[in-house]
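Engineer:
Numbering (the working numbering), first residue to last: 106 to 246.
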């Protein structure tokens, strides 16, 4: 199950991602908001969307720019692996960089299919737990 893990982030990449995440560390950080579908007009009946705050968009871009995401190869093994950590974010406290990358990639991938999924990952503590672990992994030994 090779997901281009060899092309991983450097310490400089990790630090850039952590810097982009800094505005989102506060409990009161604005993640974004749902928008309801239009009742009438040309957009009537469109699905509900979640509009993310600019800081979240910047962080997502940093994840991509700094090699923190993987080429997603959806399979049952990947899904079971990630769900294990999403179900208990505290388990992320001792994982390796590959696992952090998988969890973050999965959170972003599902956003395309389930509007607000990434927000739910923030609310459930998954994103913050992953970023706390990334901070530890980015510290010099």
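All C-beta atoms in this analysis are idealised placements derived from N, C-alpha and C, irrespective of residue type, glycine included.
Keep in mind that this is a model prediction, so the values were computed, not measured.
(1) Which two residues bound the contiguous alpha helix (DSSP H) that contains residue 130?
(2) How would you call residue 174, buried or exposed, if buried means at least 16 neighbouring beta carbons within 10 angstroms?
(3) I'd like the ranges of any beta strand (DSSP E) spanning at least 3 consecutive residues and lying wholly in the stretch 176 to 211.
(4) When you compare the stretch 193 to 201 with the stretch 155 to 174, are there three or more beta-carbon pairs, one atom per stretch, that lie closer than 8 Å?
(5) How would you label residue 238, buried or exposed, when you count the other beta carbons within 10 angstroms and need 16 or more for buried?
(6) Note down the Cα distance separating residue 193 from residue 230, rounded to an integer number of angstroms.
(7) Under 7 Å Cβ to Cβ from residue 137, same chain only, skipping five residues before and after it: list those, please.
(8) Going by C-alpha distance, which of 130, 115 and 185 is nearest residue 232?
(9) Consult DSSP for residue 232 and reduce its assignment to one of helix, strand or coil.
Structural biologist: Looking at the atomic coordinates:
(1) Annotation for residue 130: no alpha helix (DSSP H) segment contains it, and DSSP assigns it neither H nor E.
(2) buried
(3) The stretch 176 to 211 is shown to contain no whole beta strand (DSSP E) run of 3 or more residues.
(4) With a cut-off of 8 Å, the stretch 155 to 174 and the stretch 193 to 201 do not count as touching, because too few Cβ pairs lie within range.
(5) buried
(6) 9 Å
(7) Sequence-distant Cβ neighbours of residue 137 in its own chain, meaning closer than 7 Å and more than five residues away, are 155, 156, 157, 158, 161 and 224.
(8) The alpha carbon of residue 232 has as its nearest neighbour, out of 130, 115 and 185, the alpha carbon of 130.
(9) DSSP places residue 232 in helix when its eight states are reduced to three.
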